[in-house]
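For what it's worth, our numbering labels the leading residue of the sequence shown as 10, then goes sequentially. Structure first, commentary second.
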Amino acid sequence: MLGVGLNQDSVRPGDSFLIHPRFANGGTRVDSAHSSVFVHFETSGGDCETIAFQADHDPETPTARWLPGDQVVDVVGNHEFGTPQVVYVPATCKPGLYHIHLGLFHRDNPGQRHLDEVLGSISVSWDAPPTSEWDPEPMEEEEGWRRKRALAERYPNAVKLEGPSWIFALDQQSGGFLFTDRNSGAHWSSNPFADRWGLVRLARGAEVVDLEVDGFDSIGHVAQGLVGKRVLTIPGAEHPLHFTLTISPTEDGNGIRIESSLDNPTDWQVQHWTGLDRAFTVSDAEHGYALAPRWLGELLPTDRGLPVGRLWGANELAMEMTGVVKDGQALLISWDAPEVSLVTHLSLRDSPFIPGRRSQSISLWTTGPGQAVEVRPAARGDYVGVAQAYRELARARGYHHSWAEKRAAAPQLELLEGAPQFRFTALHNRLPGTPDNAGAEPLEHLAHSFRDIARCAEHWRRTLGIERAQIVVAGWNRAGYDNQHPDILPANDEAGGNAELKQLAETVAAMGYALFLHDNYQDIYQASPSWDAGLVNLDENGAPRLGGLWGGGQAQRLCTLRQVDFARRNLPEVARAFGAPGYFLDTTLTTRLETCSSTDHPMGVREDRAARLELFNTARAHFPLLGLEGVREWAVPSAVFFEGALSQKTVHNPNWIVIPLFPLVYGDCLDLFPIQSDLIGLDDAAKILDHISYAQLPSFSFGEGAYFERESRAHMAARPHVSRFDSHGNGEFTLELAWEVTAQIEQDAEIFVHFTHPRSPRAEGLVFQDDFLPPMPSSTWRPGATVLTGTRRLRLVPGLWREGPWEVRVGCLAPVPGGGEQRLTLDSPADAGQRILLGTLHRDGGQLRLELPPAAGDRRVFTRADGGWAAELKPTDRLIKNVVEVLTPLKRLVVGKPMTEHRFLTADRTVERTHFGPLAITVNRGENPFEVGGTSLPQFGFLVTSPTFVAFHATSFGGLDYPGGALFTLRSLDEKPLAESATLRVYHGFGDDQVRLADRVVTVEREAVINQNAATPR
């Protein structure tokens, strides 16, 4: 043991840190047993009896390759081994000091150890800084320049291939390469940690062997390219493998095409091999990042994080491309094969060819016999430039079918231009033992009849004035949602049967809307009339592939080659019976391309893709408007919308940097919606900004039946907060609440305060509670007042102390006619139980401390209608009207037009700007106001500007101040610029009712069509 290094000496429970054990082979032989490293964190140290957590692992360089030699203590060299390892501390780990016990052991005989030492310790403490704030020491600028020069000179004797804008150099001795962009002078190279082209991993039974392509037996010039050949030998194998690499210019001459093939005549199976191996490294000092085209797209930075390797399977990637960016220069890497997976590597390893401390690099793994990769510099050196370069390739590959092309083939597409989406599930049937039915009897629930859906459509058209909409109906089929597929006819009687579904289709068409029917051909159930085990997809071992456990029970995967047969049987009859223009196929793009080992219908991944495309073509032959779940570029020509893509943005995962790679390439081809469960609700201001920023249409959450009649008035128009907290010692404290009343309250409510902990076994995490009636009945509270509900002296009983902390949440109850109680919604963001977070209660010694939550903004801001169009409507309809008034005209302006620009305007990425040509969108999710062109955007504010349309939620616009914020849209009705238009329509959502036009200020209470040549609006 040479020692152990840590990136920090303390860590929080639930966080992670980096440990670097360092070894040296000081003997005369190698370790032929392939030892593993054990790393234990123990309270006593050395006994393995008090292990709190551990990080046992196999070293990156196997111990069998640790050569005898001199010890090198401080400088990484050829004779020092050990890989930096990320250690995850369990969230339940108790704070304290933990000794680091480590060494080498044999997995076949864990008791046999080469080394066994205790070296240092680490503290687990809630006071430790989060690992996300840790950074390595930055590299000195002079050292960075030295390393850049070393990279440029890495392979002086390499064989070169030159194009007009690039040079590719391949080193025969090592297999490494250097790619140079002549226009920018940027150098991009192969693996900075190993001189090789790549690796081949083979398996035979339990045996696994890695072969390095660490040089070429020959490199020759052929036609316009280079060909490198290498014979790879497996120890003990009768026949060698033959690896061939061909480098040639791309068809447009702007980059290189790398074709590699592997001939394997042995009985070893190829698990995967690398077409690129940790290539094109970028670093933190170069402001570098890599791109992963998962769903919308992710930016993988070099300025944060501990080492991690991430495999992005072909099923996760929306596009067959990636990119890397450094110092304002970018490379596009693309391929065209479903067998290829992307691997990204975030590393802290040092190399004389990396001018920084953190780095990202990429590998491409393939399972097929060959692969072709194209590499070309992008004209613009950022992710927008990479996407724009790939857009041209997408056209050449035939994947990019524009909206205009689709509309020419299907004029019904006009129905969707600016049409928000409303999703219904009619009938639910849940069998016993399924996720939503733990009982012994089936559960049936009708959420919407076909008549209910028709009444909703009429309500949206006639009451809210929504001119276009997409109505998606699931659970219409014979047995209800997720039941008895692929047998779907007739429509279930519970919802109204065939006759009323036909009437629904006619009503929807009369409203000017488009009806989509939901279907699924991936799942088959044993309860299905068409059940036949011979239809099921079989895995490589001959076992049936399972689908999900849904309402209809355990589904099995219908082989794709058989799915088309059922679609050909079903869809002509569905089209004749109901006449809907649209169809939605569930799950079709969310599952990976599969093989099938059935002798009756064998299938490879390419046959699977072809069969799915045939399924889409079959649907489109009867339904011109096809929606699909998932995101795959090869399905873009088939679909008018992809469902699920936008959820990558709307879930707001703090570990993801979501960027619009896919919209930049394909946004002018089809619409993008969130997953069906990720709907816009009353509290979803941030999601609404996500839709606005990408100019995508909303999909709303609303109640069952004819929701606008059934929508509960169980609402308490008040916002609670803590007005007083005092700790008295011995677990006692005083709590007082204040309530800001925003509108008339009808109910006399009871207040409940819950103290919760995530490990509590009780429902909703409850530890204890305080329920009380306010001194003044809530029905007497007046709008605009702040009401105090009295001081409550409470005590935490000793048995409930535990470790804490406890979240403090408040809600309200009101009686229900006929008996019982229901929880009321409040005007503040709430959890699923309609409880508002007041703060977090901490124990500091014998005292209690209440930590107030950070300001969260008004997540219900778009349900406001004070002084606006929807003032007399219920919250759901207020939300729908406000959002549609922004997104429908916005979408109609950009439909069929590409996104041309995207930027984050603040370091925390809470302010975002997109462009569609002259149309600009700025949104602010951050807590701080943001100024843009004289307009002040509060949290959840936005500004849309274009020649013919302006929309904003702002606290100032056009020189007018809007205390508390206002929502307006201004739209030219004659397509002339707003300043020149003869007639404008102004919509007022909420806030002050004055707005500035080009030459004057007008007052608009709800909406107005303004003749710019007249003195007053009409």
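Beta carbons: idealized from backbone N, C-alpha and C, even for Gly.
Locate the alpha helix (DSSP H) running through residue i, then write down its first and last residues.
{"i": "L928", "result": "That residue, L928, is in no alpha helix (DSSP H); its beta strand (DSSP E) goes 928-933."}
{"i": "W154", "result": "150-161"}
{"i": "Q397", "result": "392-406"}
{"i": "L891", "result": "Leu is not the amino acid found at residue 891; the sequence shown has Asn there. Counting along the chain, the alpha helix (DSSP H) containing N891 begins and ends at 884-903."}
{"i": "F575", "result": "569-587"}
{"i": "G314", "result": "That residue, G314, is in no alpha helix (DSSP H); it is neither H nor E in DSSP."}
{"i": "V614", "result": "614-629"}
I'd like the span of the beta strand (DSSP E) that includes residue i, first residue to last.
{"i": "W175", "result": "175-179"}
{"i": "W197", "result": "196-198"}
{"i": "A299", "result": "298-301"}
{"i": "C465", "result": "C465 -> not in any beta strand (DSSP E); alpha helix (DSSP H) instead, spanning 459-471."}
{"i": "L235", "result": "234-241"}
{"i": "A33", "result": "25-33"}
Where does residue i sit, in a helix, a strand or coil, going by DSSP?
{"i": "V82", "result": "In this prediction, V82 has a pLDDT of 29, which is less than 50 and means its spatial position is unreliable; what the coordinates show is noted afterwards. V82: coil per DSSP, three-state reduction."}
{"i": "N87", "result": "Low confidence applies to N87: its pLDDT is 34, below 50, so where it sits in the model is not reliable, and the reading given next is rough at best. Three-state result, N87: coil."}
{"i": "R554", "result": "coil"}
{"i": "A1028", "result": "Outside the displayed span of the chain (10 to 1027) sits residue 1028, for which this structure offers no information."}
{"i": "G1000", "result": "coil"}
{"i": "N446", "result": "strand"}
{"i": "Y1044", "result": "What the structure shows of the chain is the stretch from 10 to 1027, and residue 1044 is not part of that stretch, so it cannot be assessed."}
{"i": "T596", "result": "coil"}
{"i": "W810", "result": "Because the pLDDT of W810 is 47, which lies under 50, any placement of that residue in the model is unreliable, and the question is left without a value."}
{"i": "T659", "result": "helix"}
{"i": "E921", "result": "strand"}
{"i": "R414", "result": "Correcting the residue identity first, residue 414 is Glu in this sequence and not Arg. Three-state DSSP puts E414 in a helix."}
{"i": "Y716", "result": "helix"}
{"i": "S606", "result": "coil"}
{"i": "Y522", "result": "coil"}
{"i": "A483", "result": "strand"}
Quick one, are the C-beta atoms of residue i and residue j less than 8 Å apart?
{"i": "A726", "j": "D836", "result": "yes"}
{"i": "R155", "j": "S198", "result": "no"}
{"i": "F671", "j": "G926", "result": "no"}
{"i": "G365", "j": "A294", "result": "yes"}
{"i": "P495", "j": "I533", "result": "yes"}
{"i": "V1049", "j": "V817", "result": "Since the displayed the chain opens at 10 and closes at 1027, residue 1049 lies outside it and no answer follows."}
{"i": "D886", "j": "L473", "result": "yes"}
{"i": "T72", "j": "H43", "result": "yes"}
{"i": "F958", "j": "R980", "result": "yes"}
{"i": "L308", "j": "I668", "result": "yes"}
{"i": "R477", "j": "L422", "result": "no"}
{"i": "L635", "j": "Y592", "result": "yes"}
{"i": "P683", "j": "L655", "result": "yes"}
{"i": "S356", "j": "S368", "result": "yes"}
{"i": "L691", "j": "L888", "result": "yes"}
{"i": "L544", "j": "R571", "result": "yes"}
{"i": "P956", "j": "L993", "result": "no"}
{"i": "H924", "j": "T909", "result": "yes"}
Here's the rule: buried if 16 or more other CB atoms are within 10 angstroms of the residue's CB, otherwise exposed. What is residue i?
{"i": "Q657", "result": "buried"}
{"i": "H49", "result": "buried"}
{"i": "T1012", "result": "exposed"}
{"i": "Q182", "result": "exposed"}
{"i": "W135", "result": "exposed"}
{"i": "A1007", "result": "exposed"}
{"i": "D461", "result": "buried"}
{"i": "V82", "result": "Residue placement at V82 is poorly supported in this model, since its pLDDT is 29, which falls under 50; the coordinates still yield a value, given next. It counts as exposed."}
{"i": "D18", "result": "exposed"}
At least 3 beta-carbon pairs within less than 8 Å: the stretch 324-341 vs the stretch 381-397 | Yes: the two stretches touch, three or more of their Cβ pairs being nearer than 8 Å.
Are the stretch 789-797 and the stretch 745-752 touching, with three or more C-beta to C-beta distances below 8 Å?
-> With three or more CB-CB distances shorter than 8 Å, the stretch 789-797 counts as touching the stretch 745-752.
Flag this pair as touching only if the stretch 135-144 and the stretch 23-41 have three or more C-beta atom pairs under 8 Å; answer yes or no.
-> The stretch 135-144 is in contact with the stretch 23-41.
Is it a yes or a no for the stretch 355-365 touching the stretch 191-208, going by three-plus beta-carbon pairs under 8 Å?
-> Contact between the stretch 355-365 and the stretch 191-208 is present, because at least three Cβ pairs lie under 8 Å.
Looking at C-beta atoms only, is the number of pairs between the stretch 259-270 and the stretch 364-382 that lie closer than 8 Å three or more?
-> Touching, yes.
Can you find at least 3 beta carbon pairs, one from the stretch 627-634 and one from the stretch 667-682, that sit closer than 8 Å?
-> A contact between stretches requires three or more CB pairs, one per stretch, nearer than 8 Å, and the stretch 627-634 fails this requirement with the stretch 667-682.
Would you say the stretch 511-521 touches the stretch 539-559, given that touching needs at least three Cβ pairs under 8 Å?
-> Output reads no: the stretch 539-559 does not touch the stretch 511-521.
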